[in-house]
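Report on the structure given below.
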Amino acid sequence: MHELTGKDNEFEFVKYFNGKKISELNPKFRELVDKLYPFENENSIIKSWRNHYPQKTDIFIRINGVMKGISIKKGMKNSVHVDRITDFIHFLIDNKVDEDIVIEYLKYHYADGSINGTGKKRLSCEEYKTNNQLGIDSINKAFNDEKILRKAIEKFVIKGNNSDFYIDAMIYGTIDDFLWITKKEVINIILSKRNVYSTAVHFGPLVCQPKNRCLNFNSKYEKDRFCVQLKWYSLFDDIIEYMNIKEMNKRAQW
């Protein structure tokens, strides 16, 4: 069976939303729209289209002139952001991350004994961790400072580099089986994971790594060594956990 690509999946959501009245939506879609548009008449018509720019919003919906942006994820190993290493370092410096932490990150990123990718012997992530876990721990302490983490959430997940607006919600899944959370819930989930220990470099649940370590010196992938990639490996599990906690808290108030 043909695997649905991320782009195809986005178009499927657009097709489902576009042209429908709110009253015609199935219950899961209706819950989402009612959350984003709490005061709309159920006979209002939804317009929807895919965002063709490389931004955090994948699709838009508009009802009576009010537009909302939605990020759509599916599958495993969700990449949420890619930056050139220079832009990432500027982000750290602009947010007052200590110079020694910036240097420690560069050592981790290249894992070749240099801070600019010119070393001759390249280590895998696991090899690098063997003798450098304390350095990684110091990076994580800095990256998970709440002030830095909030800036990271904005840049990597809910707004990005190329947009003046934020996402309003995130969907995980396909039109037949999906979960959704609001922008505020995205922020809360990520912040809730900032003190969770990991041997990987991370911002909350977002694992920070080179796009490709290019251990075999393949020229085709060499440029990817100079990019930073943020992946949310545990996205599905984190949403489920958050929803379960929210439901338990709701029941505790009954």
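Residues in the sequence shown are numbered consecutively from 30, following the numbering used here. Every residue gets a Cβ at the ideal spot worked out from N, C-alpha and C, and that includes glycine.
If I follow the unbroken beta strand (DSSP E) through residue i, where does it start and stop?
i, result
"C256", "256-261"
Should residue i go down as buried or exposed, given a rule of 16 or more other Cβ atoms within 10 Å for buried?
i, result
"H119", "exposed"
"H110", "buried"
"P239", "buried"
"L163", "exposed"
"T34", "exposed"
"M105", "exposed"
"F58", "buried"
"V257", "buried"
"D129", "exposed"
"R113", "exposed"
"V230", "buried"
"N72", "exposed"
"R280", "exposed"
"K213", "exposed"
"E299", "Outside the displayed range of the chain (30 to 283) lies residue 299, so it cannot be described from this structure."
"F246", "exposed"
"V215", "buried"
"Q137", "Here the sequence assigns Tyr to residue 137, which means Gln is not the residue at that position. Per the 10 Å Cβ criterion, buried."
"Y201", "buried"
"K252", "exposed"
"E133", "buried"
In terms of DSSP beta bridges, what is residue i paired with?
i, result
"V111", "Q258"
"W209", "I200"
"R91", "K76, M96"
"K50", "I74"
Starting from residue i, trace the alpha helix (DSSP H) in both directions and tell me its first and last residue.
i, result
"G98", "Segment 95-102 is the beta strand (DSSP E) holding G98; no alpha helix (DSSP H) there."
"P239", "No alpha helix (DSSP H) contains P239, which is instead part of the beta strand (DSSP E) from 235-239."
"T86", "Careful: T86 lies outside any alpha helix (DSSP H) and carries neither H nor E."
"H81", "Premise fails: H81 is in no alpha helix (DSSP H) and is neither H nor E."
"A140", "Segment: none, A140 is in no alpha helix (DSSP H) and carries neither H nor E."
"V62", "56-65"
"N278", "264-281"
"E175", "175-182"
Put residue i into one of helix, strand or coil per three-state DSSP.
i, result
"T228", "coil"
"M199", "strand"
"T159", "helix"
"K125", "coil"
"C243", "coil"
"D193", "coil"
"F117", "helix"
"G164", "helix"
"F172", "helix"
"F68", "coil"
"K36", "helix"
"F152", "Inspection of the sequence shows that residue 152 is occupied by Leu rather than by Phe. Of the three classes helix, strand and coil, the one that applies to L152 here is coil, per DSSP."
"Y250", "coil"
"K136", "helix"
"K106", "coil"
"K44", "helix"
Give a yes or no on whether 8 Å exceeds the smallest Cβ distance from residue i to chain C.
i, result
"M105", "No chain C is part of this structure, which consists of one protein chain only."
Three CB pairs or more closer than 8 Å across the region 224-242 and the region 251-262 | Yes, the region 224-242 is in contact with the region 251-262.
The region 34-54 in contact with the region 72-84 per 3-pair CB rule at 8 Å | As far as the Cβ criterion goes, the region 34-54 touches the region 72-84, which means the pair count is three or higher.
Cβ pair count under 8 Å reaching 3, the region 116-134 against the region 270-283 | These segments do not touch.
Can you find at least 3 beta carbon pairs, one from the region 90-99 and one from the region 62-69, that sit closer than 8 Å?
-> Between the region 90-99 and the region 62-69 there are three or more inter-stretch CB-CB distances shorter than 8 Å, so the stretches are counted as touching.
Taking contact to mean at least 3 C-beta pairs separated by less than 8 Å, is the region 80-89 in contact with the region 188-203?
-> Yes, since at least three Cβ pairs between the region 80-89 and the region 188-203 fall closer than 8 Å, the two stretches touch.
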